[in-house]
Ligand SMILES: *Cc1c(COP(=O)(O)O)cnc(C)c1O
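In this note's numbering, the protein residues as written are 86 to 499.
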């Protein structure tokens, strides 16, 4: 049985139509005619559910949004032009000058520089913690903290958060927990664990074949009774709660971020993303099995492997108990030096050397000379970037072919 069996039926049925065009219809129009002025007024005040203008929502992207919201048990989703676009939308729709972010685990390089370099220019500051620093995380939360941001698995440090424990901290104080679930769609369910908002780069395993840059934010419903968004901390959201009730976070994201910053998805990109999504449960199942087999066998062959399936990993127990459906496509190899890492990557016949992850093909990249080249030594150490570190994203190839290729590449590069 496929580990993601519950989605195999759901996705193919949701993507394809039973009548007329089976493959999703690509609506490529930037704007839409309203027919008459009364309808135009209704579209703008929200009483008529028809497309307004593609920056505010596109029908093809709308289909993708519904599937992703359903996948994670959210009330709705908003598609974005990229994963960074999704992170920007989710955060900017809640933040104002003077606010603070507490960032836990990870962290994807783009998100790190967004938090540490770009947002401070607008008066928004961030503090960064390891997944196991629970007391320090609690202490770092102040009256100005708006977002606790968490990556579901450290990329590339492979450290795993106790998501439930971190959600309990956020919920006890009443602050938003936002989870970047890019590496672990289907296998990790942040909303079920107590998170409020999920961000995805759909560029990665969701599309899965480098055909489309995209992202999405999935939101939970606002609760009828008590809800952290009804507190003074989130006063800017209150008008949306008044008008839209449980859908408030969608309206807030669209008006406070999408309309004014324009990180909107396009219909063709969303179409390609849906084609990928259709096979996501099959690919995810295959890759999780492959990663576990490859990590174990390479470890036995003497490679320095970082993946929590290995009993020597500090979060091995957490992997077994809380990540029973895997933690995505990644593991790392420490080759000891930049020279050895370059030689290994150049000798491999199978690895595509690129910054992407979650592709059908096995991808590899030397970290310190590429994504993390602009970071100083202390930040690299915090993020676990050593001189010889290679990140591998396992693809759909036969796992034995990957193991054989890696052994060959190491032996021939010595
Ligand atoms: C790639 C990635 C992003 C950014 O996504 P883009 O689509 O490249 O903008 C964000 N978070 C994680 C974990 C990623 O891997």
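A virtual CB, placed ideally from N, CA and C, is assigned to each residue, including glycine.
Item to complete: Measure from the alpha carbon of residue 207 to the alpha carbon of each residue in 186, 300 and 155, then state which is nearest.
Response: 186
Worksheet item: So which of 275, 410 and 242 has the shortest CA-CA distance to residue 250?
Response: 275
Worksheet item: Does DSSP put residue 193 in a helix, a strand or coil?
Response: coil
Worksheet entry | residue 76 in three-state terms, based on DSSP | The structure shown does not extend to residue 76, since the chain is modelled only from 86 through 499, so no value can be given for it.
Fill in: Alpha carbon of residue 430 to alpha carbon of residue 386, nearest angstrom
17 Å
Practice prompt. Figure out for me which residue from 492, 487 and 459 has the closest Cα to the Cα of residue 194.
Written response: Ranking 492, 487 and 459 by Cα distance to residue 194 puts 459 first.
Item to complete: Select from 260, 379 and 360 the residue whose C-alpha is nearest the C-alpha of residue 101.
Response: 360
Worksheet item: Hey, quick one: how far does the alpha helix (DSSP H) through residue 222 stretch, first residue to last?
Response: The continuous alpha helix (DSSP H) containing residue 222 extends over residues 219-225.
Item to complete: Pull up the DSSP beta-bridge partners for residue 116, would you.
Response: Answer by DSSP bridge pairing, in chain order: 138.
Fill in: Inter-residue spacing [alpha-carbon to alpha-carbon] between residue 133 and residue 124
7 Å
Item to complete: Please list, in chain order, all residues of the same chain as residue 260 whose beta carbon is under 6 Å from its beta carbon, the five residues on each side excluded.
Response: Excluding sequence neighbours, residue 260 sits near 230 and 233.
Worksheet item: With C-beta atoms as the reference, is residue 350 less than 9 Å away from residue 146?
Response: Going by beta carbons, residue 350 and residue 146 fall inside the 9 Å limit.
Fill in: Pick from 277, 379, 294 and 302 that is closest to residue 283, judged by C-alpha positions
302
Item to complete: Using beta-carbon positions only, say whether residue 158 and residue 150 come within less than 9 Å of one another.
Response: no
Discussion item. In the DSSP output, which residue or residues are listed as bridge partners for residue 261?
Written reply: 232
Item to complete: Name, in chain order, the residues that DSSP records as bridge partners for residue 287.
Response: None; residue 287 has no bridge partner.
Discussion item. Am I right that residue 457 and residue 450 are in contact with their C-beta atoms under 8 Å? What's the rounded C-beta distance?
Written reply: Not quite, the Cβ-Cβ distance comes to about 10 Å (not below 8 Å), so this is no contact.
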